[in-house]
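Participant: Under the UniProt record's numbering, the first residue of the sequence shown is numbered 1, with each subsequent residue one higher. Here it is: the structure, laid out below.
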Amino acid sequence: MRPEDRVAIHEAMEQQTISIAKARITTVLNSRTSGLAAANPPSGRYDDLKTAQDNFDLQTTILSRFDLIFIVKDVRMYDQDKIIASHIIKVHSSAQAASSDIRASREENWLKRYIQYCRSECHPRLSEAARAKLQSDYVDIRRLFL
1 MRPEDRVAIH EAMEQQTISI AKARITTVLN SRTSGLAAAN PPSGRYDDLK TAQDNFDLQT
61 TILSRFDLIF IVKDVRMYDQ DKIIASHIIK VHSSAQAASS DIRASREENW LKRYIQYCRS
121 ECHPRLSEAA RAKLQSDYVD IRRLFL
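If you want it as structure tokens, here you go:
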């Protein structure tokens with residue numbers, strides 16, 4: 001988070017106001033509202049040996065303004081990762097479930113249109129060996145890098 005963003009958040013959460021100075025107009029606005037925030041540790045994984053402040057690299061004064069802090073951790077479990085990989089493969093293997101409407105406006109991304117075309121016209125299929133390889137690689141990547 002940029003230092004200027006930290007200052008702005010700190011003022012809004014501590015004083016429940018936001019100071020604005022633009023075009024020779026200076027004013028203070030009320031910021032009494034609820035907030036929901038999410039943060040990831042800079043290292044990519046939550047370290048149980050560190051405090052929440054160290055894991056999220058936020059000042060204590062900002063963290064203390066939250067009424068509740070929920071820590072959601074991605075725990076690596078081999079069997080669960082295999083089930084997730086199988087589900088992802090199953091969902092993406094069924095080309096029939098994809099939209100068959102390939103007529104897209106000019107503003108849409110050409111890659112999106114190309115993928116829609118491939119799903120509706122090419123009918124890609126995965127062999128059992130390819131499915132097993134994808135599942136195995138997914139589990140290995142999670143074990144090594146996450």
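Glycine residues also receive a C-beta, built at the ideal position from the N, C-alpha and C atoms.
1. Take I83 and list the residues in its own chain whose beta-carbon comes closer than 8 Å to its own, dropping the five residues that flank it on each side.
2. For V28, which residues does DSSP report across the bridge?
3. Which term fits R119, buried or exposed, when burial requires 16 or more other beta carbons within 10 angstroms of its beta carbon?
4. Judging by CA-CA distance, which residue of N40, V75, I89, E4 is the nearest neighbour of Y138?
5. P42 by DSSP, collapsed to three states: which one?
6. Given a cut-off of 9 Å on the beta-carbon distance, is the pair Q47 and M1 in contact?
7. First and last residue of the alpha helix (DSSP H) that includes H87?
8. Considering only the beta carbon of each residue, do T61 and E14 sit closer than 9 Å?
9. Thinking just about the alpha-carbon of each residue, which of K73, N109, R65, R125 is nearest to the one in S93?
10. My output table needs one value for Q53: the three-state DSSP class, helix, strand or coil.
11. Would you give the residue range spanned by the alpha helix (DSSP H) that R143 belongs to?
12. Write down the C-beta distance between Q135 and S86 rounded to the nearest angstrom, noting that I regard them as a contact closer than 8 Å.
13. Using the rule of at least 16 other Cβ atoms within 10 Å of the residue's Cβ for burial, across every protein chain shown, is N55 buried or exposed?
14. Can you say whether A12 is buried or exposed, counting buried as having 16 or more other CB atoms within 10 angstroms of its CB?
15. Just verifying my parser: in three-state terms, what is the DSSP assignment at L58?
Facilitator: Let's see:
1. none
2. S19
3. buried
4. I89
5. coil
6. A small fix is needed here, since residue 47 is Asp in this sequence, not Gln. It is not a contact, given that the beta carbons lie outside the stated cut-off.
7. 78 to 93
8. yes
9. R125
10. helix
11. 128 to 145
12. 6 Å
13. buried
14. buried
15. coil
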